[in-house]
Amino acid sequence: MKTEDEINAKILEITMKIQSDFPELSKYISEIPITIPNEATPEISLKVLTDYYDTLQILMKDYAQSHNKLNSNTQ
55 MKTEDEINAK ILEITMKIQS DFPELSKYIS EIPITIPNEA TPEISLKVLT
105 DYYDTLQILM KDYAQSHNKL NSNTQ
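The sequence shown begins at 55 in our numbering and counts up by one.
Right, dumping it as structure tokens:
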């Protein structure tokens, strides 16, 4: 199991990659639930951080795949 610091580092890394490679996705990052907690005092656990990281990975992967398909279809 990864530590909180390791997961936070991975979240930072993938967020920076999204911002540099797919800046148009940056607006969606702020809409992911971890950034808008629905509780007054949310508890951020390793599971929550891991789920957030997984969501970022899926967002980037799915967008990259569909973006590449669109580019290859127009050529």
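We put the CB at the ideal spot given by N, CA and C, even for glycine.
Quantities reported herein were computed from a predicted structural model and do not represent experimental measurements.
Pairwise C-alpha distance: residue j and residue i
i, j, result
"residue 62", "residue 70", "12 Å"
"residue 119", "residue 98", "30 Å"
"residue 80", "residue 100", "23 Å"
"residue 82", "residue 114", "11 Å"
Near the ligand ADP: residue i beta-carbon under 7 Å from a heavy atom
i, result
"residue 98", "Looking for the ligand ADP in the displayed structure turns up nothing, as the structure carries no ligands at all."
Distance CB(residue i)-CB(residue j) smaller than 8 Å
i, j, result
"residue 103", "residue 72", "no"
"residue 65", "residue 107", "yes"
Helix, strand or coil at residue i according to DSSP, with G and I counted as helix
i, result
"residue 1", "Past the boundaries of the shown model lies residue 1; the chain is included only from 55 to 129, so the question cannot be answered."
"residue 84", "coil"
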